[in-house]
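Residue numbers (the working numbering), protein chains in the order written: chain A, 17 to 302; chain B, 60 to 314.
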């Protein structure tokens, strides 16, 4: 009797969280598909997708989202890798610096956008600094809708600044798993710091880099509040369009259609990454 | 100068440079939020402020809906913590204490949910809540936020400590040992909940949380309001990160 109870107990303990996850993920997923694929009068339809693809902002939103992804994700990885390797060298006071670098973890994308708005706005601190230094004669309109490179750079900087911290912690956790002997062995063979990093550390860090890459790419599709804070409606992105269609235009069908598109993109990216990166890893092992 | 000193200088130089990059926006938003209203459009602004005033912060706090939205944010965070602990602690205990069929599968599913674009699902979820009459309800916001933290790694570790003992020793030995972990998990949950923007905006209309309130007003509110709001959202989270700094790698790193 007791053995049987012991057998059932773990499943009983897991049940609430499994049920909770199922309710809050499976139900909305079905709801999203229903909203996107079922017409108002019932029956299967592609009209919501046609409407989405035909929307004036769709092309821009699609291009901007991909552009931001391509610029932000590599920048984050490089910055975070630099910070992580630095921290991992365990110089005196490294814990303090790790804490400083981790602070943006606690900042939402909305707050990050506003923080950098104070820097980039027309009479903000970047223009003030440049003018005081005599570099410019009048303020640069970084965030004007006519200055696409300006808006783009501001968003890339703000979002990289914020989310680098997340990548950093994933990489530091990964570096901690590498036995110290490996570094010493590399030193023994006379490898300098750069060669040691390239030939010993980076290959061992691969799993962490991989999961950081997947996570950041997935979340880059959802970039939204930082864009709204810095650019308003001047820079449409996919997640932002979902929000606008839901909250602004009160069209839950189109909003859900964007949600389905983002879900599909997420799934594709994950599969592609796992295929490309996973296969290579298997080759290395062989 | 020998190679060792040069090496040191280089390491600290880079470390300080990166720290400045991280800290500068905090400095800028702080001096912006404490610039008096009349001077917000001064140009060029001095990088070291000459005037200090709480007028802009006062204006933000007095603005309609701000105080209630702060209270809503705190309430949502508390609800989320309660949900998270109630659901996550038994699950963490099961994972730590038992080896059963499907254990690895469950862990993979939990990991997958952390990568899932749940914010995007808040749109169909809002429609469901609307049908159920739960829309614009703080509990439903907390439920959605709870998905992110339902089973956190930290809880698993905390429960591992619990798992080491029988109920008799539990109160005197295990609970005190697990408490810091549980507290860290709770603070982590608070930070995640406090920062939730998309879902909170979608799921609330009148009972807005602070980020929802600030986001909804982005297009219309004056610059001073935004700056004060930015500082207001950023500060508590920074304090909390400091409190759980020892747990950071466990909480965020183990994806």
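For every residue, glycine included, the Cβ atom is placed at its ideal position computed from N, Cα and C.
Taking only three categories from DSSP, how would you classify residue 286(B)? helix
Expected contact under 8 angstroms - CB spacing of residue 144(B) and residue 245(B) to nearest Å: 7 angstroms
With residue 1(A) as the anchor, note down where its alpha helix (DSSP H) starts and where it stops. In this structure chain A extends from 17 to 302, so residue 1(A) is not present and cannot be described.
At a CB distance below 7 angstroms, what residues from the stretch 48–69 of chain A approach chain B? Give them in sequence order. 48 and 51
Reference residue 135(A), options 78(B), 306(B), 275(B) and 82(B), closest by Cα: 82(B)
What's the C-alpha gap between residue 285(B) and residue 122(B)? 12 angstroms
According to DSSP, what are the bridge partners of residue 54(A)? 60(A)
Please report the Cβ distance between residue 287(B) and residue 92(B), rounded to the nearest whole angstrom; I am assuming they are in contact, meaning their Cβ atoms lie under 8 angstroms. 5 angstroms
Mind checking if residue 87(A) is an interface residue toward chain B, Cβ cutoff 8 angstroms exclusive? no
Assign residue 29(A) to one of three DSSP states: helix, strand, or coil. helix
Could you check whether residue 117(B) and residue 283(B) sit closer than 8 angstroms to each other, using their CB atoms as the reference points? no
Pick out whichever of 247(A), 105(A) and 211(A) has its Cα sitting closest to the Cα of residue 158(A). 247(A)
Check the Cβ of residue 132(B) against every Cβ in chain A and list those closer than 7 angstroms, keeping chain order. Correct list: empty, because the minimum Cβ distance to chain A is about 11 angstroms.
C-beta neighbour in chain A for residue 278(B), strict 8 angstroms: yes
Rounded straight-line distance, which links the Cα of residue 199(A) to that of residue 191(B): 58 angstroms
Roughly how many whole angstroms lie between the Cα atoms of residue 78(A) and residue 157(B)? 47 angstroms
Should the stretch 109–124 of chain A be called in touch with the stretch 258–267 of chain A, which here means at least 3 C-beta pairs below 8 angstroms? no
Quick one: residues in its chain with C-beta nearer than 6 angstroms to the C-beta of residue 175(A), no 5 flanking neighbours on either side, listed in chain order? 88 and 242
Interface residues of the stretch 217–245 of chain A facing chain B [CB-CB below 9 angstroms]: 224, 227, 228, 230, 231, 234, 235, 237, 238, 240, 241, 244 and 245
Taking Cβ-Cβ distances shorter than 7 angstroms, what residues in chain B pair up with residue 127(A)? 289, 292 and 293
Work out the CA separation of residue 213(A) and residue 281(B) for me, nearest whole Å. 49 angstroms
I need the DSSP call for residue 169(A), collapsed to helix, strand or coil. helix
Can you tell me whether DSSP reads residue 168(B) as helix, strand or coil? helix
Answer with buried or exposed for residue 319(A), where buried requires no fewer than 16 other C-beta atoms within 10 angstroms of its C-beta. Look at the range of chain A in this structure, 17 to 302, and you will see that residue 319(A) is not part of it.
Tell me the rounded alpha-carbon separation between residue 173(A) and residue 166(A). 11 angstroms
Would you say residue 71(A) reaches chain B, if we count a Cβ-Cβ gap shorter than 8 angstroms as a contact? no
For chain A, find out if any of its Cβ atoms is closer than 8 angstroms to the Cβ of residue 266(B); answer yes or no. no
Partner residues on chain A for residue 320(B), Cβ-Cβ distance less than 7 angstroms: The question about residue 320(B) has no answer here: the residues shown for chain B are numbered 60 through 314.
Listed by chain order, chain A residues near residue 175(B) by CB distance under 8 angstroms: 41 and 282
Cβ neighbour criterion (16 or more within 10 Å) applied to residue 219(A): exposed
For residue 145(A), three-class secondary structure by DSSP: helix
Against chain B, does residue 248(A) count as a neighbour if the rule is that its beta carbon must be under 8 angstroms from one of theirs? yes
Since residue 247(B) contacts residue 303(B) with CB under 8 angstroms, what's their CB separation in whole angstroms? 6 angstroms
Under 8 angstroms: do the stretch 84–103 of chain A and the stretch 174–191 of chain A share three or more Cβ pairs, one atom per stretch? yes
Within 10 angstroms of its Cβ, does residue 113(B) collect 16 or more other Cβ (buried), or is it exposed? exposed
Can you tell me which of the three DSSP states residue 109(A) falls into? coil
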